[in-house]
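Only one structure is covered here, and it is reproduced in the block below.
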Amino acid sequence: MAEASLIRPEGTADDWTIPQSWSSYTAEEHATWDKLFARQAQMLPGRVTPEFIEGLDVLRLSRPGIPDFEELSDRLMRATGWQVVAVPGLVPDEVFFDHLANRRFVSGNFIRRPDQLDYLQEPDVFHDVFGHVPLLANPVFADYMQAYGQGGQRAAQLGAIDRLARLYWYTVEFGLVRSDDGLCLYGAGIVSSHAESIFALDDPSPNRIGFDLRRVMRTKYRIDDFQQSYFVIDNFEDLLSQTLNTDFAPVYQALAGESEIAPDAVLATDLVYHRGSQAYARSKTDA
Ligand code: HBI
Ligand code: FE
18 MAEASLIRPE GTADDWTIPQ SWSSYTAEEH ATWDKLFARQ AQMLPGRVTP EFIEGLDVLR
78 LSRPGIPDFE ELSDRLMRAT GWQVVAVPGL VPDEVFFDHL ANRRFVSGNF IRRPDQLDYL
138 QEPDVFHDVF GHVPLLANPV FADYMQAYGQ GGQRAAQLGA IDRLARLYWY TVEFGLVRSD
198 DGLCLYGAGI VSSHAESIFA LDDPSPNRIG FDLRRVMRTK YRIDDFQQSY FVIDNFEDLL
258 SQTLNTDFAP VYQALAGESE IAPDAVLATD LVYHRGSQAY ARSKTDA
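For reference, each letter of the sequence shown is one residue, going 18 to 304 in the numbering used here.
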């Protein structure tokens, strides 16, 4: 995350939270949410991990349209002790980690315009709430997200935030998980995107590789295009145990001596579910 670009906007608290101002959403903004929600809720069953579908119920509140974070947080708090707080957009890494470590998920309070339905760079309320919140209702994933926040605070002390950002990117944002009959989606960046929900599972161009913590922490990623590699976990319990039971300090030390891996690379040591054709044209910005 480019820190310099994140200037705390006027009226934002020290922890960068702002009022959601639910009553100021327009009918068009609520309609945009309903349109995005209906499209994804219709196309995801059978494609997304079942825990996501189970978690979707937490979003089915008393009214249609953009969820009211107070009502949403009441329900989420009862499920896993999490709440959703509004922020103006991306927040500095340390602020982000502190919120996660305290079971607060930060969500942009703005929604994309109707002409941005299929893609926007900055996470809006649909990406953050539809993409991330349903799995926060799953106790194991909820624990993983808090462990990630705590790990982030430690990584910040060790100057290793970029390593952890890659772990977040290739799991929380763009992760796949094994199921009895193939691969399923779970990453928020995928499930909140109609096109990538199809691309990530069906397109022949990206690699699909078995998740390995150190391998992922060495792998660069792109922020403005479909992923060139997706990493597949066995289940959330395994992902959580790899995070909880690892002292990351020696891992960061070891990684410092190892080369970085390009986003489209396949290593001889990889567990390859699918070797991508990489035929898909790309923009050229590595993160
Ligand atoms: N801020 N609002 C917001 N949402 C995010 O997902 C987010 C962020 N800041 C940093 C960040 N994600 C990632 O770079 C973390 O891995 C640090
Ligand atoms: Fe996200």
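Glycine residues also receive a C-beta, built at the ideal position from the N, C-alpha and C atoms.
All of these numbers come straight from a predicted model, not from anything done at the bench.
Query                                                                                                                                                                     : Result
Tell me, to the nearest whole angstrom, how far the beta carbon of residue 260 is from that of residue 165; I am working on the premise that it is less than 8 Å.         : 7 Å
Relative to the C-alpha of residue 174, which candidate in 269, 196, 228 and 80 has its C-alpha closest?                                                                  : 269
Spatial neighbours of residue 195 within its chain, please: CB distance less than 8 Å, with the 5 preceding and 5 following residues excluded, ordered by chain position. : 201, 249, 250, 251 and 252
Which of helix, strand or coil does DSSP assign to residue 196?                                                                                                           : strand
Can we count residue 206 as close to the ligand FE, meaning its CB is less than 7 Å from some heavy atom?                                                                 : yes
Look at the Cβ atom of residue 147, then the Cβ atom of residue 193, and state whether they are nearer than 8 Å.                                                          : no
List the DSSP bridge partners of residue 123.                                                                                                                             : 102
Between which two residues does the beta strand (DSSP E) containing residue 305 stretch?                                                                                  : The structure shown does not extend to residue 305, since the chain is modelled only from 18 through 304, so no value can be given for it.
Which of helix, strand or coil does DSSP assign to residue 247?                                                                                                           : strand
For the beta strand (DSSP E) containing residue 290, list its first residue and its last residue.                                                                         : 289 to 291
Out of 140, 23 and 282, which has the shortest C-alpha to C-alpha gap to residue 240?                                                                                     : 140
Pop quiz: residue 69 and residue 152 are said to be a contact at Cβ under 8 Å. What is the actual Cβ separation, rounded to whole angstroms?                              : 6 Å
Can you tell me whether residue 55 is buried or exposed, with buried defined as 16 or more other CB within 10 angstroms of its CB?                                        : exposed
Report the rounded CA-to-CA distance for residue 211 versus residue 218, giving the unit in angstroms.                                                                    : 12 Å
Going along the chain, which residues of its own chain have a beta-carbon closer than 6 Å to the beta-carbon of residue 177, five neighbours each way excluded?           : 269
So if DSSP puts residue 65 in a beta bridge, which residue, or which two residues, is it bridged to?                                                                      : 202
My output table needs one value for residue 286: the three-state DSSP class, helix, strand or coil.                                                                       : coil
Please report the straight-line C-alpha distance between residue 12 and residue 163, rounded to a whole angstrom.                                                         : This structure gives no information on residue 12, because the portion of the chain shown stretches from 18 to 304.
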